[in-house]
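A.B. asks: Mind looking over this structure? Questions follow.
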């Protein structure tokens, strides 16, 4: 079964609005990462948050991690049409493979 | 420096044929991953190489799938007797472990495999 599950599966917003995506997982982790995929090919790493961290920022991105609830959220502020993509969370542990969720498809309408 | 590269970018083959997919990771990256992604779906883990350790093959879907990593660098994913359900985009990623901690994965552009 999937370790990471993103929610919602699809999200459609207007340009300038904020977009929030959530990721839930089942077992303990060492770190959680968010990736973006624009065209069904390679993924681009957005941000990594470790289990001892609660929040991280990178530009318009804000990621939170709640290990007690086994969940993470990705917030994209002031969204742009170029943010339209699929967003995946991946959970990892030392020396083990990463497990990706099925992704959230974000559409930012102009 | 150069990113992760994969070849070929597209491969069309007939059912029953063998295919080889290649991945050139970023130089110095100790970990290499193979994933498979069907249209509109998430990533399915296939295999993971970490340094000189035995690879984690737990994601390989059948014994028709195998992978090797020569000299701790280039990796080849081989699919024998291809089936139509093998059609997907095969993604490779590499990462560098520092101090025993995993870091971000850098993905290649993928190989789109179509089995007719």
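Protein chains in written order, with the working numbering: chain H, 99 to 208; chain P, 118 to 233.
Cβ coordinates follow ideal geometry from the N, Cα and C atoms, glycine included.
Exposed or buried, what is residue 185 of chain P when buried is set at 16 or more other beta-carbons lying within 10 Å of its beta-carbon?
C.D. replies: Answer is exposed; the Cβ neighbour count stays below 16.
A.B. asks: Where do the N-terminal and C-terminal ends of the beta strand (DSSP E) with residue 120 of chain H fall, by residue?
C.D. replies: Unbroken beta strand (DSSP E) run through residue 120 of chain H: 117-123.
A.B. asks: Strictly below 9 Å CB to CB, what residues from chain H border residue 150 of chain P?
C.D. replies: Correct list: 195, 196.
A.B. asks: With residue 212 of chain P as the anchor, note down where its beta strand (DSSP E) starts and where it stops.
C.D. replies: Looking at the DSSP string, the run of the beta strand (DSSP E) that includes residue 212 of chain P is 205-212.
A.B. asks: Reducing DSSP to helix, strand and coil, say where residue 141 of chain P ends up.
C.D. replies: Three-state DSSP puts residue 141 of chain P in a strand.
A.B. asks: Relative to the C-alpha of residue 191 of chain H, which candidate in H:109, H:119, H:105, H:129 has its C-alpha closest?
C.D. replies: Here the closest residue by C-alpha is H:129.
A.B. asks: Beta-carbon within less than 7 Å of residue 237 of chain P's beta-carbon, same chain only, minus the 5 sequence neighbours each way: which residues are those?
C.D. replies: Limits of chain P in this structure are 118 at one end and 233 at the other, which puts residue 237 of chain P out of reach.
A.B. asks: Give me the Cα-Cα distance between residue 236 of chain P and residue 164 of chain P, rounded to the nearest whole angstrom.
C.D. replies: Absent from the model: residue 236 of chain P. The displayed extent of chain P is 118 to 233, so no value can be given.
A.B. asks: Only counting the same chain, and skipping five residues up and downstream in sequence, which positions put a Cβ closer than 7 Å to that of residue 179 of chain P?
C.D. replies: Counting only Cβ-Cβ distances below 7 Å, and skipping sequence neighbours, we find nothing.
A.B. asks: Measuring CA to CA, which of H:195, H:107, H:202 is closest to residue 171 of chain P?
C.D. replies: For the residues H:195, H:107, H:202, the minimum Cα distance to residue 171 of chain P belongs to H:195.
A.B. asks: Indicate whether residue 162 of chain H and residue 171 of chain H have their beta-carbon atoms separated by less than 8 Å.
C.D. replies: Yes; because the gap between Cβ atoms is below 8 Å, this pair is in contact.
A.B. asks: Assuming residue 136 of chain P contacts residue 230 of chain P under a Cβ cut-off of 8 Å, what Cβ separation, rounded to an integer in Å, is found between them?
C.D. replies: So it is a contact: roughly 7 Å between Cβ atoms.
A.B. asks: Between the C-alpha atoms of residue 100 of chain H and residue 169 of chain H, what's the straight-line distance to the nearest angstrom?
C.D. replies: In this prediction, residue 100 of chain H has a pLDDT of 42, which is less than 50 and means its spatial position is unreliable; what the coordinates show is noted afterwards. Those two C-alpha atoms are separated by around 14 Å.
A.B. asks: What are the residues that DSSP puts in a beta bridge with residue 236 of chain P?
C.D. replies: Because chain P is modelled from 118 through 233, residue 236 of chain P falls outside the range shown and cannot be assessed.
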